[in-house]
Structures are given as structure tokens and as C-alpha cells.
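Numbering (my numbering), first residue to last: 4 to 337.
Here is the structure we will look at, set down as C-alpha cells.
See the structure below:
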């Protein structure tokens with residue numbers, strides 16, 4: 004209150020007071036109250052007001068004006084109209100491709116104007132993959148929008164990466180994207196037609212062998228060997244300590260396994276119950292050190308016998324030994 008008994012009001016509050024588009028109310032009672040003397044008694048409850056004139060139903064224009072007055076609706080409508088006009092003009096002028104290359108698709112441009120860009124991407128679960136590889140697979144760029152991002156399609160693209168076993172894509176409005184992946188674990192090396200690849204447990208090819216860290220993985224050879232990897236790893240478990248002396252497992256004709264040992268010996272296993280044959284090999288090695296002799300191959304395909312093929316040096320040594328046994332001893336009578 005100033006010195007003249009008046010209340011002060013901010014000029015800013017006066018000129019920048021919010022406007023209301025609501026229908027004007029009847030102010031007759033307020034006018035009546037202001038006309039009474041200050042010492043006049045206030046009308047009692049039995050005071051009857053003059054009958055009001057019935058109000059007409061709001062017109063379509065008034066309803067539209069009230070809708071646009073709601074927070075944000077008018078702005079969204081204006082931006083949408085602007086985007087539609089802009090897209091139509093670009094198509095008609097022939098500059099559409101140039102606009103898309105520079106700003107992205109018109110619907111993404113409109114979504115970014117509405118407040119739905121992709122400002123941050125959170126990636127989790129990557130071990131061997133680089134973030135750039137993941138982003139490149141999604142097809143996202145600086146012009147993408149969260150509003151029109153197809154999460155299912157993005158997940159499908161991620162699953163096309165050989166190293167990705169599972170993927171989840173989550174849109175957090177208004178501007179955040181979350182990607183969670185689970186990578187396949189390298190389980191073995193697979194050679195076919197002279198090329199060596201890293202494969203997972205289910206036989207999926209992960210990548211070409213170009214990392215020396217994978218050289219210690221089990222090694223399988225031949226068409227179809229990658230799909231029967233669990234069988235081969237089970238045989239290695241049955242071998243126990245002898246598994247360290249196995250260089251590779253070769254799938255022969257897609258039917259049976261042969262074990263290639265580190266010293267070059269080939270152990271031929273049967274198509275049926277190869278685990279039992281592995282048990283025979285373990286026993287022969289324990290009793291007679293068969294893998295340490297001059298043998299080229301050990302055939303365990305028949306359950307009732309073991310066929311051994313000697314090396315040339317082993318065969319020569321054996322012939323000499325047999326000849327010595329057959330030769331007559333010195334001084335013996337003929």
C-alpha cells in the first residue's frame with residue numbers, strides 16, 4: 004500500500020498475466036454487491052435473483068478454441084501442420100532426397116521437433132563386440148527419432164550379428180534407448196575347406212580365426228562337425244587326461260569320429276557307442292602305452308578286436324624282431 008492508501012501491483016504481473024479462453028461468467032451478483040453501501044446488511048439466503056437467460060450450446064469453433072488452449076495441444080498441431088507442409092513442398096520441388104540425406108526422414112524430423120530425439124543410447128552385455136559395431140547394426144544415426152523407432156526391427160538386426168545370441172531393445176521416452184545383448188561364447192574351432200572358424204556350442208559361426216586367444220579351443224574338422232560339437236566334447240570328457248593329447252576330432256562321412264592325436268596317430272571310433280571305444284583306448288594306454296609306440300592308426304570300430312597299423316619304422320622294427328626270433332641260435336645243431 005502506498006502513501007495514498009492504494010495497493011501496488013507489478014506491471015509485469017499486469018501485462019503478462021495468463022489469459023483464459025474459458026467462456027465469460029455472469030458477473031451480475033458482483034455488480035450488485037459493489038452498488039450496496041458499505042454499512043448495508045448483506046442479503047439473506049431468501050434473496051431471489053433475476054432469472055438468467057439460458058445459455059446457448061457452445062459452437063464447434065468455440066470447442067476447437069478451447070481444445071487448442073490446452074497445454075501443448077496447439078503447439079503439437081502447429082508443428083504437425085508445419086511438418087506436413089514442409090514434406091509436401093519438398094516432394095513437389097524435387098528436393099526430397101537432398102532433405103532426407105541432410106536431415107533424415109520427414110517423420111523423424113517432425114518427431115525430433117516434438118521432443119522425441121534419441122539423445123542417449125545405453126548398451127550392456129557386450130564383451131567382444133564394440134559399441135560401434137552394435138550401433139551400425141541397428142541402423143541408427145543422428146537423424147533417428149525415438150518415436151518412430153521400430154524396437155522389434157532393431158532387435159532383429161542385432162540378432163543378425165553372429166556373436167549376438169539374444170537381444171532386448173527398450174524405448175524410454177522421451178529420448179533414451181536401452182540395448183541389452185548376450186553374446187555367444189566361443190566353444191570350438193571348426194575347419195572346412197581349409198578355412199578355420201570360431202563357433203559356439205550350437206555350431207553357429209562367430210568369426211574367422213584371427214585371434215590367438217582361441218587357439219586352445221577344441222578343434223573339429225569336416226562338414227557337419229560343427230553341428231555335432233556336443234558329441235565331440237562328451238568324448239573329450241570320457242578321455243580324461245588323454246584329452247590333452249587330442250589335436251582334433253574329424254567327422255568322417257558325417258557318421259563317425261576319428262581322433263587325431265598330437266603325435267599323428269589316428270584313433271578310429273565306431274559310429275555306434277563311441278564312448279565305449281574311448282574307454283578301451285584309455286585302458287590300452289594305461290596297460291601297454293599304446294599311443295607311445297610306433298603306430299599309425301588304432302582301429303576301434305569293432306567291439307571284439309583292436310586293429311593297429313604300424314608306421315614304416317615300426318613295421319621294420321617288428322620284422323627284424325620276428326626274424327631274430329626265427330633265426331637259429333649260434334651253435335645249434337641243424
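Each residue gets a CB set at the ideal place from its N, CA and C atoms; glycine is no exception.
| said: Since residue 182 and residue 124 should fall inside the 8 Å C-beta cutoff, what is the C-beta to C-beta distance between them, to a whole number of angstroms? | reply: 7 Å
Q. Does the Cβ of residue 310 have 16 or more other Cβ atoms within 10 Å, making it buried, or fewer, making it exposed?
A. exposed
- Message: Please list the terminal residues of the continuous beta strand (DSSP E) segment that includes residue 171.
- Response: 167-175
Residue of 175, 108, 219 minimising C-alpha distance to residue 154: 175
- Task: Check whether the region 221-229 touches the region 190-198, taking contact to mean three or more Cβ pairs, one atom from each stretch, closer than 8 Å.
- Result: yes
- Grouping DSSP H, G and I as helix and E and B as strand, with all else coil, what is residue 162? Residue 162: helix per DSSP, three-state reduction.
For residue 121, would you say it is in contact with chain C, using Cβ-to-Cβ distances shorter than 8 Å as the test? The structure shown contains no chain C, having only a single protein chain.
*Nearest neighbour of residue 149, chosen from 261, 172, 233, 284 [CA to CA]*: 172
* Alpha-carbon spacing of residue 132 relative to residue 160, whole angstroms -> 15 Å
Task: Residue from 290, 293, 305 with nearest C-alpha to residue 277 - done: 305
Is residue 277 a contact residue of the ligand ZN, with contact defined as CB to any heavy atom under 7 Å? The ligand content of the structure shown is nil, which means the ligand ZN is not present either.
| message | Based on DSSP bridge pairs, tell me the residues matched to residue 184. | response | 170
*Three or more beta-carbon pairs under 8 Å between the region 244-256 and the region 282-301, yes or no?*
yes
| query | Quick one: what's got a C-beta closer than 8 Å to residue 237's C-beta in the same chain, skipping five residues either side? | reply | 278
Q | N-terminal and C-terminal residue of the alpha helix (DSSP H) that residue 275 is part of | A | Where residue 275 is concerned, there is no enclosing alpha helix (DSSP H), given that its DSSP letter is neither H nor E.
Quiz item: In whole angstroms, what is the alpha-carbon distance linking residue 283 and residue 186?
Solution: 38 Å
Bridge-paired residues (DSSP) for residue 142:
Its beta-bridge partners do not exist; DSSP assigns none.
- Task: From the DSSP output, in three-state form, read off residue 224 for me.
- Result: Residue 224 falls in the strand class under three-state DSSP.
Would you mind reading off the limits of the alpha helix (DSSP H) that contains residue 232? 232-242
**Item:** Distance between beta carbons of residue 270 and residue 261, contact taken as under 8 Å
**Value:** 7 Å
Contacting residues, own chain, Cβ-Cβ under 6 Å from residue 239 (five flanking each side not counted)
The residues are 246.
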